[in-house]
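> In our numbering, the protein residues as written are 67 to 316. Please see the structure below; I have some questions.
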Ligand code: G
Ligand code: G
Ligand code: NA
Ligand code: MN
C-alpha cells in the first residue's frame, strides 16, 4: 500500500498544508472564523484530498500524529491573523481513543499562545458512537478550557436528538445535502427551520455548509441560521490568503 508508507514520509517531509475556508456571520455580515482543511501536496500525485487519505490514516493510526500536526499548525496560523477570529479544526473519532487528545489540544494552544476561546473542534457522529463516557469526559475538559465544540455534518447518518442533549455542543453544522436541496425541495426548507429552532432552544448556533447560490442563502437567512460557509462566500484558500481577507472586511 503505497499511500500508507507515503503518509509517514509526507509528514516528515512537510508535504501537508492547511487550506482555510471562512464562516460568514449572517447578522453582521462579517467573517467570524475559518475552518482548517487538510491538503496533501504529493510530489507526484499533486494535491490529494483528505477524503482519499484520511480513511487510510485512520486505519493505520497515522491520523494521530497527523491530527496533532493539524491542531498545532492551525493554532500557529490563527495566532498570526490580524483579527482574533475563530479557527475550526476537524477531528477524527480515532483521535479520541486513548484519552490524550485534551493534552494534545492544550499543548497546541500553549505553544501557539492562542486564546482557547478562538479554537473550535468539529466532531462527527462517529465520535459519539464510540465509548461515550470517555468521550464526554474529554469534551467536558476541553469545554472548561474555553474551547468550542461543533457537531459536523448534522442530519446525515444516524445523528440522534439524544446526542444533542448528551453532548456539550456550541454549534450544529447543517450538512450540505440539506443546503443543496433548499431551492428544489420544500421539505428541505422545513428541515433547516426545524434545526435552527431546535439549536436556538438548546442554546446552540447553526452553520450551514456548502452554500453555493444566493437563493440558498436567502432561505438560510429567513430560517434564522447563524452562519454560512460555502463556495458562494469563498472556496478554501491557502494560509497566506487569510490575513488579506480579514483586512478586506474592515
Ligand atoms: O476539504 P475537503 O472537502 O476535501 O474535505 C474532505 C473531507 O475531509 C471532509 O469530510 C473534511 O471534514 C475532512 N477533513 C478535512 N481536513 C481534515 C482534517 O484535518 N482532519 C480530519 N480528520 N478530516 C479532515
Ligand atoms: O465534512 P466537512 O464539512 O468538513 O467537509 C468540508 C469539505 O466541504 C471541504 O473539503 C470543502 O472543500 C467542501 N466544501 C466547502 N464548501 C463547499 C461548497 O460550497 N460546495 C461543495 N460541494 N463543497 C464544499
Ligand atoms: Na468539517
Ligand atoms: Mn461537514
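The beta carbon of each residue, even a glycine, is placed where N, CA and C say it ideally should be.
#1: Below 8 Å CB to CB, which residues in the same chain sit around residue 249 once its five sequence neighbours on both sides are set aside?
#2: Taking all protein chains shown into account, decide if residue 176 is buried (16 or more other Cβ within 10 angstroms of its Cβ) or exposed.
#3: With C-beta atoms as the reference, is residue 140 less than 8 Å away from residue 173?
#4: Can you tell me whether DSSP reads residue 98 as helix, strand or coil?
#5: From which residue to which residue does the alpha helix (DSSP H) around residue 122 run?
#6: Looking only at its chain, what residues have a beta carbon closer than 7 Å to the beta carbon of residue 309, apart from the 5 residues adjacent to it on each side?
#7: Pick helix, strand or coil for residue 274, following the three-state DSSP scheme.
#8: Go to residue 244, then tell me how far its alpha helix (DSSP H) extends in each direction, as first and last residue.
#9: In terms of alpha-carbon separation, which member of 277, 291 and 121 lies closest to residue 264?
#10: First and last residue of the beta strand (DSSP E) that includes residue 152?
#11: For residue 147, which of helix, strand or coil comes out of DSSP?
#12: For residue 186, verify whether its CB is less than 7 Å away from any heavy atom of ligand 3.
#13: Less than 8 Å separating the beta-carbons of residue 162 and residue 201?
#14: Is residue 221 helix, strand or coil when you go by DSSP?
#15: Grouping DSSP H, G and I as helix and E and B as strand, with all else coil, what is residue 250?
#16: In three-state DSSP terms, what is residue 159?
#17: Going by alpha carbons, who is nearest to residue 210 out of 171, 79 and 306?
From the atom records:
#1: 279, 281, 282 and 285
#2: Exposed, since its Cβ has fewer than 16 Cβ neighbours within 10 Å.
#3: Pairing residue 140 with residue 173 gives a Cβ-Cβ distance that is not under 8 Å.
#4: strand
#5: 116–126
#6: Scanning its chain for C-beta atoms nearer than 7 Å, with the 5 sequence neighbours on each side dropped, one finds around residue 309 the residues 147 and 148, in chain order.
#7: strand
#8: 242–246
#9: 291
#10: 152–156
#11: Looking at residue 147 - three-state DSSP - the assignment turns out to be coil, as it is neither helix nor strand.
#12: no
#13: yes
#14: coil
#15: Under the three-state reduction of DSSP, residue 250 is assigned to coil, being neither helix nor strand.
#16: helix
#17: 171
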